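Going left to right, the sequence shown walks through residues 18 to 296 as the numbering used here numbers them.
C-beta atoms are modelled at their ideal positions from N, C-alpha and C, and glycine is treated no differently.
Source: prediction; values computed, not measured.
Quick notes on the structure that follows.
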Amino acid sequence: MKRLKQTISLLLMLSLVFMYAAASAPVPQEIIKDSVNGFMTVQKVYVLPKTESGESIPTEGYTEDGIEYIFTELVTKDNSQTDTKEHTETVSIHTDTNNTSAVISQLETSIEISTEDGYTGTLELDYTTLDVKTAGYGTKSYTIIEERRFPNLSDADTSLVPKTIDKDGTTLNLTNISWQSAASDSIDGQTLAVRYTATATYSGTGTRTYAKGYTATAQYKGNISKVTNDTVTYIAVFTENKPGNIFLEYWWVLLVGIGVLAVCGYGSVRIVQRRRRGY
């Protein structure tokens, strides 16, 4: 009883294996029947992706309409086709300089590209398309200090010195004055200053505009391509098996037989030669 159960289980497993193999075997897209030299031939055409192996194509002999067919060869044809087109890619980078040579040194000479629709390729930098623009402006404050001399003043009086001056469009305020005697006179035996020179210092806050960097834009150009038909055509050829065509199935037996006869014939000749020589 135990042996019977084991046998049934084995048969079920084998059945599942055969069913899976049959389900996974590819189905021919076309079957071409013809007659060559009185023998029927059948060509089963399969078109499979390159990711699938042709080993899954059935090559077992079979019988159809009372005719026995045996497998003779598997013909393969690569259907790969490549579509190529020109492509331009625009690249932008931020840089701290607008010097053309310095900007070019920051760009890659070539880039690898892969598009959403499956094209790939290498693009080269077109230097003539380089365009550098200011990314924006900012302002910066700085201190301005200006010194001016006011000679030949009648008195060392600050009211004689301007309280503000203009420097390149910026108003500067008086912050300090130093006085020097410019001329003197003797009165009652005393030397008195009669003319003065004022050295005035002015200061203020100026602003200047500066670029916040630059945006460099350039184009990369070249050809990109993709495989549009990545398939292989397999043609399984079967030939009618009947007298006169049996060598298609047993050609190897014929070759082995010829080899055996050749060896036996050579051995017989050697034996006869040895006997004639007496050893």
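Sequence-distant residues of its chain with Cβ nearer than 7 angstroms to residue i (five each side left out)
| i | result |
| --- | --- |
| residue 129 | 139 |
| residue 185 | none |
| residue 89 | 254, 255, 256, 265 |
| residue 131 | 137 |
| residue 75 | 42 |
| residue 178 | 167, 191, 194, 215, 217 |
| residue 239 | 104, 138, 139, 140, 141 |
| residue 115 | 149, 231 |
Inter-residue spacing [alpha-carbon to alpha-carbon] between residue i and residue j
| i | j | result |
| --- | --- | --- |
| residue 100 | residue 141 | 20 angstroms |
| residue 169 | residue 192 | 21 angstroms |
| residue 81 | residue 52 | 15 angstroms |
| residue 45 | residue 254 | 12 angstroms |
| residue 56 | residue 246 | 35 angstroms |
| residue 237 | residue 154 | 29 angstroms |
| residue 98 | residue 244 | 6 angstroms |
| residue 194 | residue 171 | 15 angstroms |
| residue 108 | residue 144 | 12 angstroms |
| residue 91 | residue 135 | 32 angstroms |
| residue 241 | residue 105 | 10 angstroms |
| residue 119 | residue 113 | 10 angstroms |
| residue 93 | residue 54 | 24 angstroms |
| residue 121 | residue 127 | 12 angstroms |
| residue 157 | residue 222 | 10 angstroms |
| residue 124 | residue 133 | 24 angstroms |
| residue 173 | residue 196 | 7 angstroms |
| residue 160 | residue 234 | 37 angstroms |
Boundaries (first-last residue) of the beta strand (DSSP E) holding residue i
| i | result |
| --- | --- |
| residue 182 | 181-184 |
| residue 230 | Premise fails: residue 230 is in no beta strand (DSSP E) and is neither H nor E. |
| residue 158 | 154-170 |
| residue 176 | That residue, residue 176, is in no beta strand (DSSP E); it is neither H nor E in DSSP. |
| residue 248 | 248-257 |
| residue 73 | That residue, residue 73, is in no beta strand (DSSP E); it is neither H nor E in DSSP. |
| residue 60 | 56-66 |
| residue 53 | 47-53 |
8 angstroms contact criterion, which residue i and residue j should meet: CB distance rounded
| i | j | result |
| --- | --- | --- |
| residue 229 | residue 152 | 6 angstroms |
| residue 188 | residue 181 | 5 angstroms |
| residue 232 | residue 111 | 6 angstroms |
| residue 83 | residue 251 | The pair is not a contact, with the Cβ atoms about 27 angstroms apart (cut-off 8 angstroms). |
Same chain, Cβ closer than 8 angstroms to residue i, five either side skipped, listed in chain order
| i | result |
| --- | --- |
| residue 166 | 214, 215, 216, 217 |
| residue 117 | 147, 149 |
| residue 69 | 43 |
| residue 248 | 64, 65, 66, 67, 96, 97 |
| residue 224 | 156, 157, 158, 159 |
Close Cβ partners of residue i (< 6 angstroms) along its chain, the five nearest in sequence each way excluded
| i | result |
| --- | --- |
| residue 3 | Missing from the structure shown is residue 3; the chain here goes from 18 to 296 and no further. |
| residue 48 | 61 |
| residue 50 | 59 |
4 or more residues per run - each alpha helix (DSSP H) lying fully within the segment 83-140: With a minimum length of 4 residues, the continuous alpha helix (DSSP H) runs that stay inside the segment 83-140 are 117-122.
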